[in-house]
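What follows is a short report on a single structure.
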Amino acid sequence: MSLPKLYLETTIPSYLTARRSRDLRLAAHQEVTEEWWDAQRSQYELFTSAYVRKEAADGNPAQAAARLALLAGIPVLPTTEEVDDLAGKLLAGKLIPAKAATDAFHIAIAAVHRMDFLLTWNCTHIHNLSIVRRVERICTAAGYVCPVICNPDELLPPSTP
Numbered sequence: 000m001s002l003p004k005l006y007l008e009t010t011i012p013s014y015l016t017a018r019r020s021r022d023l024r025l026a027a028h029q030e031v032t033e034e035w036w037d038a039q040r041s042q043y044e045l046f047t048s049a050y051v052r053k054e055a056a057d058g059n060p061a062q063a064a065a066r067l068a069l070l071a072g073i074p075v076l077p078t079t080e081e082v083d084d085l086a087g088k089l090l091a092g093k094l095i096p097a098k099a100a101t102d103a104f105h106i107a108i109a110a111v112h113r114m115d116f117l118l119t120w121n122c123t124h125i126h127n128l129s130i131v132r133r134v135e136r137i138c139t140a141a142g143y144v145c146p147v148i149c150n151p152d153e154l155l156p157p158s159t160p
């Protein structure tokens with residue numbers, strides 16, 4: 000039996016390599032991300048994209064190097080005409096603003112390449128419940144199944160009392 004396929008969006012390596020935040024919510028997200036990475040990532044076949052690599056390479060050189068090292072060895076899914084077309088439909092639907100076009104490409108790459116999950120902490124333009132159903136409808140209308148868009152906390156097994 001094959002493992003579920005999971006697309007890692009840029010926020011995951013960012014949370015894994017960042018200094019612990021003083022913001023309690025962000026620190027909790029970082030901790031959960033580390034827990035998922037250490038205990039659960041082997042339960043999935045991981046993939047990423049050139050968009051993730053490019054975003055991971057931006058910013059502080061030492062942090063960028065740490066993010067890129069974390070992504071080393073994870074297969075990069077290609078951007079195809081189908082990806083471009085689906086991203087264009089997501090942007091045309093005004094669900095994702097043009098200034099966040101890369102977020103539309105993350106969703107499109109994951110859908111076109113039949114990922115089971117898209118893992119992210121981007122709750123503004125990707126894992127946003129106010130748009131996710133419409134994103135799913137656009138994917139379906141284009142002939143794709145939208146992956147389950149989730150964060151690491153949602154992929155951890157339930158804790159036992």
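Just so we're aligned: 99 in numbering that gives the first Met the number 0 is position 100 of the sequence shown, and the numbers increase by one with no gaps anywhere.
By construction, the Cβ of each residue, glycine as well, lies at the ideal position given by its N, Cα and C atoms.
Just so you know, these numbers come straight off a predicted model, no measurement behind them.
Element boundaries [beta strand (DSSP E), containing residue i]
i, result
"Tyr246", "Since the displayed the chain opens at 0 and closes at 160, residue 246 lies outside it and no answer follows."
"Thr47", "Glu44 to Ser48"
"Thr138", "Note on identity: in this sequence residue 138 is Cys, with Thr being the wrong assignment. Taken as a continuous stretch (DSSP letters only), Cys138 belongs to no beta strand (DSSP E), being part of the alpha helix (DSSP H) at Val131 to Ala140."
Bridge-paired residues (DSSP) for residue i
i, result
"Cys149", "Leu118"
Residue range of the unbroken alpha helix (DSSP H) whose run includes residue i
i, result
"Asp37", "Leu23 to Ala38"
"Ser13", "Thr10 to Thr16"
"Pro60", "Pro60 to Leu70"
Cβ-Cβ separation, residue j to residue i (assumed contact under 8 Å), whole Å
i, j, result
"Pro157", "Met114", "In fact, because the Cβ distance is near 23 Å, the residues do not count as touching under 8 Å."
"Ile106", "Ile130", "That pair is no contact at about 10 Å."
"Leu85", "Pro12", "Contact flag wrong, Cβ pair sits at about 24 Å."
"Cys149", "Phe116", "6 Å"
"Arg66", "Thr16", "5 Å"
Contact test: residue i Cβ vs the ligand ZN heavy atom, cutoff 8 Å
i, result
"Val147", "This structure does not include the ligand ZN; it has no bound ligands of any sort."
What are the start and end residues of each continuous alpha helix (DSSP H) run of 4 or more residues lying completely inside the segment 74–143, in chain order? 80–91, 100–111 and 131–140
Quick one: any contact between the segment 98–110 and the segment 28–38, if contact means 3 or more CB pairs under 8 Å? no
Below 8 Å, how does it come out for the segment 82–99 and the segment 51–61: are there three or more Cβ pairs, yes or no? no
Flag this pair as touching only if the segment 69–89 and the segment 120–139 have three or more C-beta atom pairs under 8 Å; answer yes or no. yes
Are the segment 18–35 and the segment 75–82 touching, with three or more C-beta to C-beta distances below 8 Å? no
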